[in-house]
Structure formats: structure tokens, C-alpha cells
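Q: The sequence shown runs 1194 to 1305 under the numbering used here. All C-beta atoms, glycine included, are put in the ideal place defined by N, C-alpha and C. If you're wondering where the values come from, they're calculated on a predicted model, not measured in any experiment. Structure provided below as C-alpha cells; questions to follow.
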Amino acid sequence: MSFKENLREAIDHSGLEQKEVAHKANISLRNIENYLRENASIPVADKAVKIAQVLGVTVEYLVTGKKSPVAVPTSINPEMQKLIRNINKLPKNKQHIVTQNALNLTEILKGD
1194 MSFKENLREA
1204 IDHSGLEQKE
1214 VAHKANISLR
1224 NIENYLRENA
1234 SIPVADKAVK
1244 IAQVLGVTVE
1254 YLVTGKKSPV
1264 AVPTSINPEM
1274 QKLIRNINKL
1284 PKNKQHIVTQ
1294 NALNLTEILK
1304 GD
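Have a look at this one:
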């Protein structure tokens, strides 16, 4: 797949809107829109890194579509990093189930 297709998939999977990705990556919405156009350009490396970090994917994934270990922020404790990586290895439909269950559990635990 192309950069624009990989970017579109990553944005869709993230649940973020294009403007949110742009804001969080500190780049213009116009740039994001340009990367998603029919004759899409590919961002320079520093912008690609920012976009990948916001979307929780690697630059390698955006460029090649090749899945590689999830870029997990180092601020997350090691047990949670491992959990995130394991969930990311699941098929998309299974990831959704785990995510929904985790969200439901956090809501239940808030009441404790």
C-alpha cells in the first residue's frame, strides 16, 4: 500500500479526526490533507515521525505498510508496554473486543 493508504488506515484506526492528528503532531491540517490526496506527497522525515507518534504507529508502517513493533511511549510502565504490544499483534476485530472490554472495565472500576 502507499503512504496515503497507510496514513488513512492509521487515522481511521486511531479514532482521531484529521484536524486532531494535525494539531497533536504540530503540523497544519493542509499538510495532512495533502498527504491523503490522489496525488499525495510524502512528508519529510521529521513530520512523518510526528504523525507516526500521534497515531501510535511506526514511520516504517506509514511508508511501507509493514507492521513492526508498536511505538509505545516510554512513559508507560513496562507491563503496560508489553500488554499494548501483545494486543497490537491480534487481528483488528480481536483488538476491538479487547479495547471495548478494557473501556468497560475502567468504567466499572471508577465506581469503586
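In terms of residues, what are the limits of the alpha helix (DSSP H) holding Ile1235?
A: No alpha helix (DSSP H) holds Ile1235; DSSP gives it neither H nor E.
Q: Just the Cα atoms here: how many angstroms apart are Pro1271 and Lys1282?
A: Between Pro1271 and Lys1282, the C-alpha separation is close to 17 Å.
Q: How would you call Thr1292, buried or exposed, if buried means at least 16 neighbouring beta carbons within 10 angstroms?
A: Looking at its Cβ environment, which holds fewer than 16 other Cβ atoms inside 10 Å, Thr1292 is exposed.
Q: Could you give the first and the last residue of the continuous alpha helix (DSSP H) run that contains Arg1223?
A: Looking at the DSSP string, the run of the alpha helix (DSSP H) that includes Arg1223 is Leu1222 to Tyr1228.
Q: Assuming contact is defined by CB atoms lying nearer than 9 Å, are Leu1209 and Leu1255 in contact in what I supplied?
A: Not a contact, by the Cβ cut-off of 9 Å.
Q: From Tyr1228 to Gln1246, what does the alpha carbon distance come to, in whole angstroms?
A: When rounded, the distance between both Cα atoms is 16 Å.
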